[in-house]
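Trainee: Shown below is the structure under consideration.
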Amino acid sequence: MPTLIIDDKEISVKPGATIMEAAKQLGVYIPHFCYHPKLSVSGNCRMCLVEVEKMPRPVISCAMPVNDGMVVKTDSEMVKEARKGVMEFLLINHPLDCPVCDQGGECSLQDQAMMYGPDRSRYREEKRQFPNYDLGPLIETEMNRCIQCTRCIRFSTEVAGVEEMGAVYRGDHMKVGPYVEKLSLSSEMAGNIAESCPVGALNLKPFHFQARGWELHKADGVCGHCSVGCQISNDHLDNVIKRVSSRTCDEINLSWLCNKGRFAYDGLTVERLEKPAVKDANGESSWQSALDKAAELIKAVKPEEVAGIADPSGRGAEELFAFQDFLRNAVGTTHIDHRTRLQDFSGDEVKLTRADLMMNTSLTDLATADVVLLIGCDPRFETPLLNLRLRQASLAGAKVFSINPRKLDANLEGITQSVVAPGDEIAFLQEVMAGFDKGGSKGEAGTIASALKKGERPVVLIGDYGNYHPQSETIRRLAVAITEKAGALDGKWNGFNRIISRGNSAAAQDLGVVPHRGPGHKTLESKGKNARDIFKAAAAGEIKVLFLLGGDPMIDAIDSQLVKSALDKAQVIYIGTHKTPVANQADVLLAGLALGEKENTVTNCEGRVQRAKKAVNGPIESKEDWRILRALSDRFAQPLSYNNIEALRTSMAKADHRYDLSELDTNEIAPACDHSPVTTGLKIAGSSSSQKGMTLIVEASFYRDNGLARSSQTLSLLTDGDSVQISPQDASKQKITDGQQVRLINGERSVEITAKVDEKIPEGVLFGQFGCKDNLVQDLYDWEGGFPQISIVGL
Amino acid sequence: MSSKVQILFKNIHKKDSHTYKVARDGGGYKQAEKALNMSTEDVIDEVKRAGIRGRGGAGFPAGLKWSFIPKDNSRAKYLVCNADEGEPGTCKDRDIIRYAPHLLIEGMIIAAFAVGAERGYIYIRGEFVKEAKILEKAIQEAKENGFLGDKVGGKNFRFELAVHRGAGAYVCGEETGLIESLEGKKGQPRVKPPFPANIGLWGGPTVINNVETLSSIPSIIENGGDWYGKLGVEKSSGTKLFSISGHVNKPGNYEVELGIPMKTLIEEYAGGVRGGWDNLKGVIPGGASSAVLPKEVCETVTMDYDAIAKAGSMLGSGAMIVMDKSVCIVRAIERLSRFYRHESCGQCTPCREGTGWLSQIMTRIESGKGVEDDIDLLLSIGNNIAGKTICALGDAAVGPVSGSIKAFRDEYIYHVEHGRCMVG
Amino acid sequence: MSIMQEDTQQDKPQFSASAMKQVEEIFSRYPDERRASALMPVLHLAQSEFGGWLSRPALDYVAEVVGVAPIRCYEVATFYTMYNLKPVGKYHVQVCTNIACWLCDSDNVVKVLEDKVQAKMGGTTQDNRFTLSEVECLGACINAPMMQVNDDYYENLTADRVAEIIDRLP
């Protein structure tokens, strides 16, 4: 460990560290603009020049590796002079428009100008002018303010893996940008270029002129848009979230956020459920009458005729816990679930552990994997910040393989993609299995097996397609078996990862929002109905009251026709935040709160438990979901036992020790993957036969995956209209042109939608998306029917 | 130092000197054959003992540079010849390329062998279209005659050589800018450390030498490092090509031993100053980046690295730009400032902003709109650039400005006060 | 002011079969995994194949051929001065006005040229025969003043010689 002296203070640092890093460790701040701890070192701004004894010239601390015995001065006359010089250069062409700049008050250049800037300019020449770019709906540009630090270029190229930003021309004419004047940035993480811009050149368009940095209050939050659980700050003013920014967290999101997490917040104020309501009650409903009505509906039927469906995304662990508590203990029903896209419930027949259900490789470890196998998983658009770790691994040389029904639009270096038709996955995975044996498999499966075999740190990831496949449990067991064969379940390195992208699903699993387990993964004596059977029973009139917590199964569940008839038949009680289709149909509406409006606990895909603070108040008559449940339970013989959130958390922690965060220090983060082992040796079912004709796959739509995202105006600008994607081969066979209106038919069911011809779609498969408001392609799915076989007619 | 030793230009006056046949008949590739029979350590040792310093401008000892290349073979190593001759006033490498390309190739073979590089590139400035063709032809000939390819000179040594043309960027003469350019990117110099000897082209250890440096190597192998070391003067050994341009009667490239008095070089080789020695105003001694030396200094200064440095300038590439008394120094420097602004890569703050600023002030003064503060402002800006940039272009842009203010301040003052030049 | 060249209406050009052969030869100069190094020589080739300049579709095409992102190609094409991003005349006359040439009266070369072809530095004649450019040192200082017409250097210029050279161009 080299030891050096910085400003008379001695410090030892790891070999290869830079002066900047050593100084940071010592708590000595060295001003900088281009340096960013999560990007490569560029060394161009020259602001971090320091004096090193025995060196004739000042050196840049961001790039200079430390040597043993080095003596560094960060505040000598030489350094001050150098900084003043650099500041003057940066300012000669920088506009004096801080008063109208979004970055004002939060600007590195402004801050350093206070320290080192001249009080008047010696520059008598004309200031340089750059034209602005149109970068799409997320980023506002003011390129005259650019100081050419190239952070945005390095972010786009290195982190996002989307080479769109650059610096064209040279000298004092060097212009940062995409060269093309109008280019809507395509990266799903584009917002980060504004956040990492040290000046006001790249700004967040939705935040443009919305508030000044110093007026904003910051509330530490946890993003709930997917299961990664990025640390965010909800920056708010006058009870409105004005901006979402990232908090640096080395374990989870480094310094970044995806566009969904950063820009969906405007959905909080759109189409909100403002107050409780009772259907057919003329005029206003009070909380009193709404809760009375809900209790009346439930009490009017037998307990086993009541069922609860929760959407964990947007809910805190507290609410999920209280929901099942209310249903199980106040109402007395066992029919509880949250898995509205799951088709294969056979996993419920055996006792699966927490390790079987989520990730076992932490995000940090994921970046060090040397072989990655994606099974029915599109990490870039399911869990973008997890994908970033895979990208890091791939850049470090990891071999990445994908088994998916189509070629992914991936940004993983050197990814090898096997396109496997729906229904053929199990046979393919079995071939991979065989590849481990002597003789092995040939072809793509064989290559995957031999790579996994050679890998020191292999990981297997199952994503949404694999998790919601008609034979998902078989796929899961095969993935476990493959991981085991790869030697990645040996106790030292656990490479099995099941990634449910839906935010906070892990909490729903942990806290018993499933029919076969209670909170804390406790086995139950009597199992209730799963989500599919609940809707079936409701449609058949056997379940008479459906209690829905958040979300909208009409849009999110796999068989929307079944859901529709269930909702038509049963009495519906809905706790929610937005005016979704289900809200229009509910008999009792109870206005809850969205993330950011409540203090809550979120569990991510690694099983890591985090707390989020409240930023703003929701609509004045809305209430925290758990309070609604608590109040409702008062109308039953056994009310919920907790009267405040602390008491609720104590009960929750008692049920599952991982939710006890009282031991954590303020800056500590709960552990990832606090569970083991993965269950091996389960029987693996045979392969279903390959499908004939056109198969429909319905995927999550990145920007429309949950209620809040669907309500966001900003995100709506990033999505195309509802469509079904079809291969050029099938299109020409069916005489369908791009953009044509088509009718998709599966027996009795049919949907009309626009067809989009896409070269990336393999023959024989149609791709639709969840989250459409009008054209519900999932209408074509029979919950028990596997992949629907579709005939298509041009209109 | 009385003998007129010719190392680089020995054979250039022969007819068809650029062909393999003429080169071979004149002893070409004999030294490559000799070196391939030596140990790599011995080759490096000879070059070290020769004390030859880089002829591109920085003057770094070549043997030492070679010895920095790691000896292990875990990574591919590269040899790059810097033929991006762009320093205003410099046109010496062009003559080597045109008239003695095989001498350069031979030097590269020896260098590549010494450092263990299997692949080499000659990075030539883009405008030298014909010169690039000559090199490509020479490489082809060398290949056909077994001096490039899998078995160089019949030995178990592989060396592939190709030409890479630049496209108009002075900064690519900077070795890491050159590497970036060779990698297909903008020629923006890299932050150092790491140096190319450790992480260079495509991340591999890389030696970069100037055309003249490499072309001097065969004679060092032929006659020994000690012999070469005795040419010239202490710490400036060997012969050097001087490109003498501007107001002389016989502008040209002259190969002389280092340490020759500047006056001798101008008067005896370059045909004297236009209008006689007393008509001399000053000489830029080592390419545009070096500070102009006024006549008083030129009277006595000798042409070697240390003497020129002591006189407040630098030997650089050895390009002497001679100016007689008709020259307006302010206008001359204004032109050079425009050049540096135009050639700044734009990457680091002091150079990007500073060269533009310097140039704009120089243009203002030259066009009669200067104010008195401008002269000190130029010096102050220069101070803020010098030593604070990623590469030497910043310093190069400052040198002519601050050097000329030092030697000819009265001309600047006259310009500011009268709005025009004091000469003509 | 426009950031990029104005002409974006052009169709994407394509290399002829013989140019494609040259591209292959260029690729062979670099290790397979270092193909990006071919960007500059392929841009040179594209410029000479596509009429002396590089339109944006041409840049996109080169990026595609070499296998780099378009922005990387834009960066390189705008960084180096020899890539013309606007159409040039049949003869691109580039006059060095840097110090050594200036000392030898390149001002006069500029003047003679401008008068001779009736265009200003930076401009193109109406008949598209000449484009005049002022350039930095081209490395022929001992034979100053000098100019370059397309690929050819003309050195030791005098007013008469400049006129003669222009007249003799086919």
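Residue numbers (our numbering), protein chains in the order written: chain A, 16 to 810; chain B, 55 to 478; chain C, 3 to 172.
All C-beta atoms, glycine included, are put in the ideal place defined by N, C-alpha and C.
Please classify Phe511/A: is it buried, with 16 or more other beta-carbons within 10 angstroms of its beta-carbon, or exposed?
Mentor: Walking along the first sequence from the start, residue 511/A turns up at place 496. It counts as buried.
Trainee: Should Ala292/A go down as buried or exposed, given a rule of 16 or more other Cβ atoms within 10 Å for buried?
Mentor: The residue you call residue 292/A lines up with position 277 of the first sequence. It counts as buried.
Trainee: Taking DSSP's pairing of strands, which residues face Ala325/A in a bridge?
Mentor: For the purposes of this step, residue 325/A is taken as the residue at position 310 of the first sequence. In the DSSP output, where bridge partners are listed per residue, Ala325/A has Leu564/A.
Trainee: Using a beta-carbon distance below 8 Å, is Thr99/C in contact with chain A?
Mentor: Taking the third sequence and counting its residues from 1, the one referred to as residue 99/C is at position 97. False, the Cβ-Cβ gap to chain A never drops below 8 Å.
Trainee: So with CB distances below 8 Å, who are the chain B contacts of Ile107/A?
Mentor: Position 92 of the first sequence holds residue 107/A. Those within 8 Å of Ile107/A in chain B are Glu407 and Trp411.
Trainee: Can you pull the chain A residues whose beta carbon is under 9 Å from the beta carbon of Cys399/B, in chain order?
Mentor: Within the second sequence, numbered from 1, the residue matching residue 399/B stands at position 345. The contact set of Cys399/B on chain A, defined by CB atoms closer than 9 Å, consists of Arg185, Gly186 and Met189 in chain order.
Trainee: Would you mind stating whether Pro399/A and Glu178/A have Cβ atoms separated by less than 8 Å?
Mentor: As a working mapping, residue 399/A is identified with position 384 in the first sequence. As a working mapping, residue 178/A is identified with position 163 in the first sequence. No; because the gap between Cβ atoms is not below 8 Å, this pair is not in contact.
Trainee: Based on DSSP bridge pairs, tell me the residues matched to Phe132/C.
Mentor: Stepping through the third sequence from its first residue, residue 132/C is reached at position 130. DSSP lists Tyr93/C as partners of Phe132/C.
Trainee: Using the three-state DSSP reduction, which class does Leu504/A fall into: helix, strand or coil?
Mentor: Taking the first sequence and counting its residues from 1, one reaches residue 504/A at position 489. Reduced to three states, the DSSP call for Leu504/A is strand.
Trainee: Can you tell me whether DSSP reads Met6/C as helix, strand or coil?
Mentor: Looking up residue 6/C in the third sequence gives position 4. Because the pLDDT at Met6/C is just 48, under 50, the model does not fix this residue reliably, and the value given afterwards should be weighed accordingly. The answer is coil: DSSP assigns Met6/C none of H, G, I, E or B.
Trainee: Taking 8 Å as the CB-CB limit, is Asn481/B close to chain A?
Mentor: The structure shown does not extend to residue 481/B, since chain B is modelled only from 55 to 478, so the question has no answer here.
Trainee: So that I know if they touch, is there some Cβ in chain A lying closer than 8 Å to that of Tyr76/C?
Mentor: Within the third sequence, residue 76/C is the residue found at index 74, counting from 1. Taking Cβ atoms only, chain A reaches closer than 8 Å to Tyr76/C, which makes this a yes.
Trainee: Going straight from the alpha carbon of Ala460/A to that of Ile390/A, what length do you get?
Mentor: The residue given as residue 460/A occupies position 445 in the first sequence. The residue given as residue 390/A occupies position 375 in the first sequence. So the two alpha carbons sit approximately 12 Å from each other.
Trainee: Report the partner residues of Asp735/A according to the DSSP bridge assignment.
Mentor: Reading the first sequence from its first residue, position 720 is the one you call residue 735/A. Note: Asp735/A is not bridge-paired with any residue in the DSSP secondary-structure output.
Trainee: Can you find a CB in chain B that lies within less than 8 Å of the CB of Met123/C?
Mentor: Counting from one through the third sequence, the residue named residue 123/C turns up at place 121. Chain B contact via Cβ: absent.
Trainee: From Leu158/B to Val477/B, what distance separates their C-alpha atoms?
Mentor: Residue mapping note: residue 158/B aligns to position 104 of the second sequence, counting from 1. Residue mapping note: residue 477/B aligns to position 423 of the second sequence, counting from 1. Spanning the two alpha carbons is a distance of roughly 44 Å.
Trainee: Measure the Cβ-Cβ separation of Gly286/B and Gly292/B and say whether it is below 8 Å.
Mentor: As a first step, residue 286/B is located in the second sequence; it is residue number 232 there, counting from the start. As a first step, residue 292/B is located in the second sequence; it is residue number 238 there, counting from the start. Yes, they are a contact pair.
Trainee: What does a CB cutoff of less than 6 Å around Arg156/C pick up in its chain, not counting 5 residues either side in sequence?
Mentor: Counting from one through the third sequence, the residue named residue 156/C turns up at place 154. Reading the sequence as shown, one finds Tyr at residue 156/C and not Arg. Taken in chain order, the residues that qualify are Met149 and Ile167.
Trainee: Between Gln163/A and chain B, is there a C-beta pair that is closer than 8 Å?
Mentor: Mapped onto the first sequence, residue 163/A falls at position 148. True, the Cβ-Cβ gap to chain B drops below 8 Å.
Trainee: Can a CB atom of chain B be found closer than 8 Å to the CB of Phe81/C?
Mentor: Looking up residue 81/C in the third sequence gives position 79. Taking Cβ atoms only, chain B reaches closer than 8 Å to Phe81/C, which makes this a yes.
Trainee: So Arg61/A and Cys445/B are supposed to be a Cβ contact under 8 Å. How far apart are they, rounded?
Mentor: Counted from its first residue, the first sequence places residue 61/A at position 46. Counted from its first residue, the second sequence places residue 445/B at position 391. Not really, about 12 Å apart at Cβ, beyond 8 Å.
Trainee: Would you say Cys226/B lies against chain A (beta-carbon separation less than 8 Å)?
Mentor: Translated into the one-based positions of the second sequence, residue 226/B becomes position 172. Taking Cβ atoms only, chain A never reaches closer than 8 Å to Cys226/B, which makes this a no.
Trainee: Would you report the Cα separation of Ala146/C and Phe296/B, rounded to the nearest angstrom?
Mentor: Taking the third sequence and counting its residues from 1, the one referred to as residue 146/C is at position 144. Taking the second sequence and counting its residues from 1, the one referred to as residue 296/B is at position 242. Looking at the two C-alpha atoms, the distance is approximately 16 Å.
Trainee: Beta-carbon of Glu266/A versus every beta-carbon of chain C: anything under 8 Å?
Mentor: Taking the first sequence and counting its residues from 1, one reaches residue 266/A at position 251. Chain C, which has no Cβ nearer than 8 Å to the Cβ of Glu266/A, makes this no.
Trainee: On the three-state DSSP scale, how would you describe Thr538/A?
Mentor: Residue 538/A sits at position 523 when you count from the first residue of the first sequence. The answer is strand: DSSP assigns Thr538/A an E or B state.
Trainee: Let me check you understand the geometry: is the CB of Lys788/A closer than 7 Å to at least one non-hydrogen atom of the ligand GTP?
Mentor: No copy of the ligand GTP occurs in the structure displayed, which carries no ligand at all.
Trainee: Quick one: using the 10 Å Cβ neighbour count with 16 as the cut-off for buried, is Pro473/A buried or exposed?
Mentor: As a working mapping, residue 473/A is identified with position 458 in the first sequence. Buried is the call here.
Trainee: If we cut at 8 Å on Cβ distances, does Leu390/B have a partner in chain C?
Mentor: Residue mapping note: residue 390/B aligns to position 336 of the second sequence, counting from 1. Yes, Leu390/B counts as interfacial toward chain C.
Trainee: For a test of the three-state rule: what should DSSP assign to Pro115/B, helix, strand or coil?
Mentor: For the purposes of this step, residue 115/B is taken as the residue at position 61 of the second sequence. Secondary structure at Pro115/B: strand, using DSSP grouped into helix, strand and coil.
Trainee: When you compare only the Cα positions, how much space is there between Pro110/A and Glu155/A?
Mentor: Residue 110/A sits at position 95 when you count from the first residue of the first sequence. Residue 155/A sits at position 140 when you count from the first residue of the first sequence. Distance between the alpha carbons of Pro110/A and Glu155/A: 17 Å.
Trainee: Can you find at least 3 beta carbon pairs, one from the segment 344 to 358 of chain A and one from the segment 371 to 386 of chain A, that sit closer than 8 Å?
Mentor: no
Trainee: Tell me where the beta strand (DSSP E) around Thr260/B begins and ends.
Mentor: Position 206 of the second sequence, counted from the start, is the residue given in the question as residue 260/B. It spans Thr260 to Asn264 - the beta strand (DSSP E) in which Thr260/B sits, taken as one unbroken run.
Trainee: Using the Cβ count rule (16 or more neighbours within 10 Å means buried), how would you classify Gly329/B?
Mentor: The residue you call residue 329/B lines up with position 275 of the second sequence. So Gly329/B ends up on the exposed side.
Trainee: Following the continuous alpha helix (DSSP H) through Phe213/B, name the residue where it begins and the one where it ends.
Mentor: Looking up residue 213/B in the second sequence gives position 159. Neither: Phe213/B is in no alpha helix (DSSP H) and is coded neither H nor E.
Trainee: Residue range of the beta strand (DSSP E) that Pro193/A falls in?
Mentor: If you number the first sequence from 1, residue 193/A lands on position 178. First-last for Pro193/A: undefined, no H or E at that position.
Trainee: Determine the direct distance from the alpha carbon of Lys88/A to that of Thr83/C, and round the result to whole angstroms.
Mentor: Here residue 83/C refers to the residue found at position 81 when the third sequence is read from its first residue. Here residue 88/A refers to the residue found at position 73 when the first sequence is read from its first residue. Straight-line Cα distance between these residues: approximately 41 Å.
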